[in-house]
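Engineer: Just so you know, the protein sequences line up as chains B and L, in that order. Just so you know, we're using my numbering here: the first sequence kicks off at 12 and counts up by one. Just so you know, we're using my numbering here: the second sequence kicks off at 103 and counts up by one.
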Amino acid sequence: MWFLPEEAKALPPPSLFNRNSAWLAFSAGLASMLHNAINHKPPLKSGVHRLVLATTIGWYVGYHVTKREHYHFAKVDRDMTEYIKLHPDNFVAKDKKTFAEIVEPFNPIR
Amino acid sequence: MTFTQLLSRAALVSKVGSRSFFQGSKADMTNPNWIRVGLAFGSAAFIWGLLFKQNSADLHEYRVRNGLE
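(1) With a cut-off of 8 Å, do at least 3 Cβ pairs link the stretch 18-30 of chain B to the stretch 68-79 of chain B?
(2) Does the CB of B/K20 have a neighbour CB from chain L at under 9 Å?
(3) Can you find a CB in chain B that lies within less than 9 Å of the CB of L/S127?
(4) Could you name the residues of the same chain whose beta carbon sits closer than 8 Å to that of B/A48, not counting the 5 residues immediately before and after it, in chain order?
(5) Note down the Cα distance separating L/R138 from L/Q156, rounded to an integer number of angstroms.
(6) Beta carbons nearer than 8 Å to chain B: which residues of the stretch 151-169 of chain L have them?
(7) Could you tell me whether any Cβ in chain B is nearer than 9 Å to the Cβ of L/I149?
(8) How should L/H162 be labelled, buried or exposed, when 16 other C-beta atoms within 10 angstroms of its C-beta is the threshold for buried?
(9) For a contact meaning CB atoms closer than 7 Å, what does B/I68 contact in chain L?
(10) State buried or exposed for B/Y94, treating a residue as buried only when at least 16 other CB atoms are found within 10 Å of its CB.
(11) Please check if any C-beta of chain L sits within less than 9 Å of the C-beta of B/L35.
(12) List the endpoints of the continuous alpha helix (DSSP H) containing B/R89.
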């Protein structure tokens, strides 16, 4: 698509049922119901074809928004891992001590 | 007839200019505009088809680029 570069095609595509799709479809459907309500028509029973069309367009746009979002976060993750690989001295793993080594010996005073 | 009466009759005949209040009517909601309904449902079905095709094309492209197919 015109809003995504070529390398984005190497990412797994989002599921057809995703959050952005659901939300945008809901908003568009709500908008069509509000349009009915403003014009003094029964909100759900009138203009079902408009509701279906609005929901569909919302779902379609949401799918592409999700693709863009996935690409953005994949890019950020890739840049971060590359930076970590190029600067290993900044990311030294700390030696882990068990609690037994840190804690002072316990002398119960009863 | 008087001048005024002749003029008012002209308004009924003339199709240009303004319309009389008594000729306007509310939209008839009992007879839906089936062409518009058909277009709306048709374009919704078309967009769903586009979406399914796009998703399967993306899936195929992903598999090809990552050597899974």
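Ideal Cβ positions, reconstructed from N, Cα and C, are used throughout, including at glycine.
Structural biologist: By the coordinates alone:
(1) With the rule of 3 Cβ pairs closer than 8 Å, the stretch 18-30 of chain B counts as touching the stretch 68-79 of chain B.
(2) Locating residue 20 of chain B in the first sequence gives position 9, where the first residue counts as 1. Cβ-Cβ to chain L under 9 Å: yes for B/K20.
(3) The sequence position of residue 127 of chain L within the second sequence is 25, counting from 1. Look at L/S127: its C-beta is not under 9 Å from any C-beta on chain B.
(4) On the first sequence, residue 48 of chain B is found 37 positions in, with the first residue counted as 1. Counting only Cβ-Cβ distances below 8 Å, and skipping sequence neighbours, we find P54.
(5) Mapped onto the second sequence, residue 138 of chain L falls at position 36. Mapped onto the second sequence, residue 156 of chain L falls at position 54. Each residue's alpha carbon lies about 26 Å from the other.
(6) For the stretch 151-169 of chain L, which is checked against every Cβ of chain B, the residues closer than 8 Å are L152, L153, F154, Q156, N157, D160, L161, E163, Y164, R167, N168.
(7) Along the second sequence, one-based indexing puts residue 149 of chain L at 47. The beta-carbon of L/I149 is placed less than 9 Å from the nearest beta-carbon of chain B.
(8) Residue numbering aside, residue 162 of chain L sits at position 60 when the second sequence is read from its first letter. A residue is called buried once 16 or more other Cβ atoms fall within 10 Å of its Cβ, and L/H162, having fewer, is exposed.
(9) In the first sequence, residue 68 of chain B corresponds to position 57, counting from 1. Residues of chain L passing the Cβ test: I149.
(10) In the first sequence, counting from the first residue as 1, residue 94 of chain B sits at position 83. By the 10 Å Cβ count, B/Y94 comes out exposed.
(11) In the first sequence, counting from the first residue as 1, residue 35 of chain B sits at position 24. B/L35 is outside the set of residues whose beta carbon lies under 9 Å from a beta carbon in chain L.
(12) As a first step, residue 89 of chain B is located in the first sequence; it is residue number 78 there, counting from the start. Element bounds for B/R89: 59-97.
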